[in-house]
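Asks: Residue numbers (our numbering): 7 to 303.
Ideal Cβ placement from N, Cα and C applies to all residues, glycine included.
The structure's right below; bear with me while I get my questions together.
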C-alpha cells in the first residue's frame, strides 16, 4: 500500500504539489492522471524518494523510505536512460545484480524477459544499435526484472507500437493477478479506462477527482445524448436542455445541462422533426478529464 498524506513540494516560487493525499491499495492498478505540469512526475519522484517533500508524509507498506523497502519497488521513469555503448545482455545482467537478484538466477531472468519481448536476437548488440521502440522495451524490462511488489510506470506506452502496447498491458495485468500493485501515469486515457481500478486526477498540484473508476463514471452520469431525425427543417442556435452541442447532418449530439432530464431534452428536440432514434451514452474518461480540468465538475 502507498499512502500520501498532505504532501507538498515547492521549487523556488513554484508550488508543484499542493497538499496532495491519496491511497493506493495493494493488488490494484492505480492511475495517476493530470495535464502537463500538473505535478504527476514530481509526485512519483517523491514516492520513489528521489526528491523529498517539503511537507506531508509518504508511506509504503506503512513505513517511510528505506533502502530495503525499495528493493521491492520497480520504477520506469519518464526520462529514459540506458548505457548506449554497452551490450544488451551485459547491461541487463548488471541491472539485475544491482537490484539484488542472486548471481545464479540472473541469466535465467535476462533470457526470459528478452525472449518475452522478442529481443533475444539482440543480446550481443550494443544498446545504441537498438531502435527507439526496442530501447523502450529494455527500459521496461529493467523496471520489472527483479519481480517487484510495487511497479511504478511513468508513460509506459510511449514509443511502443500497438503490438508492444498490448504486450505491456498483458504483463501489467499478469502482475496484478499475482497480487502486485501498479501505479500508472499516462496521457492515454483509453489505456487507463481498460486497465485501472482506481484513479487520482491532479491539476495544479492538487487532487481534483479520485476514487474507483467505475464509481466515478457512474457518479458523473449518463448524460450524453445522440439523436437522429427523419428530417430537420432548421438548426437552432441555442438549446435549453443541451450544451456542447454538435450537429452533423441529421444528427445532434450534446450533453444534458445541469438539472435537466433526458425527457426534457427529447421534448425540446422533438419539435425539430421526427426522431428516428436516440442513444444515451456513458461519458469517456477523456471527457471527464477535460471537464474536470476546465472546472466543469
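Can you give the Cα-Cα distance for residue 254 and residue 225, rounded to whole angstroms?
Replies: 29 Å
Asks: Using 8 Å for Cβ pairs, my map puts residue 71 next to residue 55. What's the rounded Cβ distance?
Replies: 4 Å
Asks: Using 8 Å as the threshold, is the stretch 85 to 100 in touch with the stretch 141 to 149, meaning 3 or more CB pairs across them?
Replies: yes
Asks: Quick one: using the 10 Å Cβ neighbour count with 16 as the cut-off for buried, is residue 303 buried or exposed?
Replies: The pLDDT assigned to residue 303 is 48, lower than 50, so where the model puts this residue is not dependable; a value taken from the coordinates is nonetheless given after this. Residue 303 comes out exposed.
Asks: Would the C-beta of residue 148 count as close to the ligand SAM, meaning under 7 Å from any of its heavy atoms?
Replies: Although the ligand SAM was asked about, the structure shown includes no ligands whatsoever.
Asks: Taking all protein chains shown into account, do 16 or more other C-beta atoms lie within 10 angstroms of the C-beta of residue 20, making it buried, or fewer, making it exposed?
Replies: exposed
Asks: Could you give the uninterrupted runs of the beta strand (DSSP E) lying entirely in the stretch 12 to 38, keeping only those of 3 residues or more?
Replies: 20 to 30
Asks: Considering only the alpha carbon of each residue, which of 52, 194, 189, 196 lies closest to residue 206?
Replies: 189
Asks: With distances taken from CA atoms, which of 159, 201, 58, 158 is nearest residue 179?
Replies: With distances taken between Cα atoms, residue 179 lies closest to 201.
Asks: To the nearest angstrom, how far is it from the Cα of residue 15 to the Cα of residue 275?
Replies: 50 Å
Asks: Using the Cα positions of residue 4 and residue 181, report the straight-line distance between them to the nearest angstrom.
Replies: The question about residue 4 has no answer, for the chain in this structure spans 7 to 303.
Asks: If the criterion is Cβ atoms closer than 8 Å, does the pair residue 245 and residue 197 meet it?
Replies: no
Asks: Pick helix, strand or coil for residue 89, following the three-state DSSP scheme.
Replies: coil
Asks: Give the range of the beta strand (DSSP E) segment to which residue 213 is assigned.
Replies: 212 to 218
Asks: Using the Cβ count rule (16 or more neighbours within 10 Å means buried), how would you classify residue 287?
Replies: Result: exposed.
Asks: Whole angstroms are fine: how far does the CA of residue 145 sit from the CA of residue 40?
Replies: 23 Å
Asks: So which of 299, 173, 159, 290 has the shortest CA-CA distance to residue 220?
Replies: 290
Asks: Excluding the 5 residues preceding and the 5 following residue 51 in the sequence, name in chain order all residues of the same chain whose CB lies nearer than 7 Å to its CB.
Replies: 57
Asks: Using alpha carbons as the reference points, say which of 231, 293, 166, 252 lies closest to residue 273.
Replies: 231
Asks: Quick one: what does DSSP say residue 163 is sitting in, helix, strand or coil?
Replies: coil
Asks: So, with DSSP's three-state summary, where would you put residue 290?
Replies: coil
Asks: Taking the beta carbon of residue 154 as the centre, do at least 16 other beta carbons fall within 10 Å, making it buried, or is it exposed?
Replies: Sixteen is the threshold: when 16 or more other Cβ atoms of the shown chains lie within 10 Å of the Cβ of residue 154, as they do, the residue is buried.
Asks: From 63, 35, 17, 30, pick the residue whose C-alpha is nearest to that of residue 192; which is it?
Replies: It is 35 whose Cα lies nearest to the Cα of residue 192.
Asks: Secondary structure at residue 303, three-state DSSP: helix, strand or coil?
Replies: With a pLDDT of 48 at residue 303, under the threshold of 50, the predicted position of this residue should be treated as unreliable, though the coordinate-derived value follows. In the structure shown, residue 303 adopts coil according to DSSP, grouped into three states.
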